[in-house]
Amino acid sequence: MAALTVLDEGRPTEVEFALADGVVRILRSMVEAAVGWRLEDRGLCRGDICIPVRDPALVTADGVSLPGLAAALHRPLALDTDERAAYLGPSAADRAPLAAGSPAPPFSLPDLDGRLHSLADHRGSKVLLAAWASW
Amino acid sequence: MVITVALDRAADARRWIERAEPTHPSLVDEGHVLADRYHMVNVPTVVWIDEDGRIARPNDVAFTTEQGGKYAGVSTADQMALLRRWVAGEAPPAAPAMPASGAGGPTAEAGLARAHFGLGWWLFEQGRGDAANRHFSVAGELAPEDFTIRRGTMRFRGADPFGPEFMQMVAEWHAGGNRYYLPLPVE
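Residue numbers (this note's numbering), protein chains in the order written: chain A, 118 to 252; chain B, 707 to 893.
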């Protein structure tokens with residue numbers, strides 16, 4: 118097996134993978150490291166929450182399908198086997214439309230000195246969040 | 707509290723931030739994680755967030771100068787007056803819910819476009835520019851409304867985000883009956 122970099126919303130993890138009939142498959146033991154959910158008999162689990170998996174092709178003797186995992190978790194997957202890298206975006210639930218009254222999605226981002234700042238640090242204050250760019 | 711976030715490389719944002727000498731948190735989001743979570747498709751974009759961490763007014767276009775506002779068809783002075791009234795304790799003005807698509811709403815295509823942008827950015831950082839550009843290109847085709855992708859990756863491709871390629875991009879977007887800036891109505 119060769120190494121694949123799985124970027125979970127940008128956070129990289131290296132997992133062993135194999136291409137079987139054109140499908141990227143990873144070891145069952147690496148599923149939690151790659152996507153944050155454990156694969157159990159009852160489905161994909163995180164903490165006390167389990168999602169049943171209905172895809173009969175998710176697990177084969179060659180491993181667990183990475184596209185199948187992304188689909189089961191409703192997460193977009195950009196996959197590049199030549200570059201041995203994949204990016205998993207936030208789940209459909211975490212990409213819900215934002216309207217007045219919606220919880221503001223949490224974020225932690227660095228300043229120029231690398232210090233992380235979180236939206237949650239400012240609970241209790243009104244926040245004007247302003248995105249800009251030099252381009 | 708003002709929090710600014712540059713959807714930009716730190717190397718490109720640095721001189722602007724250092725010149726402004728901000729006293730508020732002035733953050734950099736190289737991988738556009740904020741844009742992904744907040745469905746931001748262009749800059750400048752502002753979001754009002756209340757004391758309980760809820761959206762008080764969703765994504766809007768806001769410039770700091772009247773000249774900038776003119777490009778977007780908004781009055782900077784009117785927007786500032788609304789903001790001041792909210793800060794002083796008035797309820798935020800009513801705003802329409804974010805559309806499901808077209809304005810960066812959470813369509814499957816927009817989500818996949820973001821994933822390709824994220825993969826492209828990581829490849830670019832690894833020095834794998836050709837592979838990165840392939841994914842930026844796929845991302846732009848999946849989400850043509852997303853200028854944080856289409857314009858924001860121009861420097862990575864050696865193009866000028868203020869040059870002819872950008873002008874043509876906007877002209878084609880307008881010719882298709884679309885708007886480059888999507889401000890909220892001011893009641």
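All C-beta atoms in this analysis are idealised placements derived from N, C-alpha and C, irrespective of residue type, glycine included.
Option in B:S732, B:D718, B:L788 and B:M707 with minimal Cα separation from A:G231: Comparing Cα positions, the closest option is B:S732.
Of the listed residues A:S235, A:V123, A:A250 and A:L215, nearest to B:R743 (C-alpha basis): A:L215
Measuring only the C-alpha atoms, how far is A:P227 from A:I166? Near 31 Å, if we compare the C-alpha coordinates of A:I166 and A:P227.
Just checking: is the beta-carbon of B:A803 within a distance shorter than 7 Å of some beta-carbon in chain C? Given the protein chain composition of this structure (A and B), no chain C is represented.
Closest to A:S242 by CA distance: which of B:A803, B:R856, B:G795 and B:G817 is it? B:G795
Can you name, in chain order, every residue of its own chain whose Cβ lies under 8 Å from the Cβ of B:L713, other than the five neighbours on each side? D735, H738, L740, A741, M746, V749, T854 and G858
Mind listing which residues of the stretch 756 to 779 of chain B have their C-beta closer than 8 Å to chain A's C-betas, in chain order? D756, E757, D758, G759, R760, I761, A762, R763, P764, N765 and A768
7 Å is my cut-off, CB to CB: does B:M875 come that close to chain A? Chain A, which has no Cβ nearer than 7 Å to the Cβ of B:M875, makes this no.
Would you say A:R155 and A:C162 are within 7 Å of each other, going by their C-beta atoms? A Cβ-Cβ contact shorter than 7 Å links A:R155 with A:C162.
Can you check whether the C-beta of B:L733 is within less than 7 Å of a C-beta belonging to chain A? yes
If you draw a straight line from the C-alpha of B:L848 to the C-alpha of B:F823, how long is it? Their Cα atoms are separated by approximately 10 Å.
For A:G164, does the three-state DSSP call read helix, strand or coil? coil
Could you compute how far the alpha carbon of A:A119 sits from the alpha carbon of A:A135? 7 Å
Buried or exposed: B:F842, going by 16 or more other Cβ atoms within 10 Å of its Cβ? buried
Could you check if A:V148 is buried or exposed, using at least 16 other CB atoms within 10 Å of its CB as the buried criterion? buried
Could you tell me whether the stretch 712 to 731 of chain B touches the stretch 777 to 794 of chain B, using the rule of 3 or more Cβ pairs below 8 Å? no
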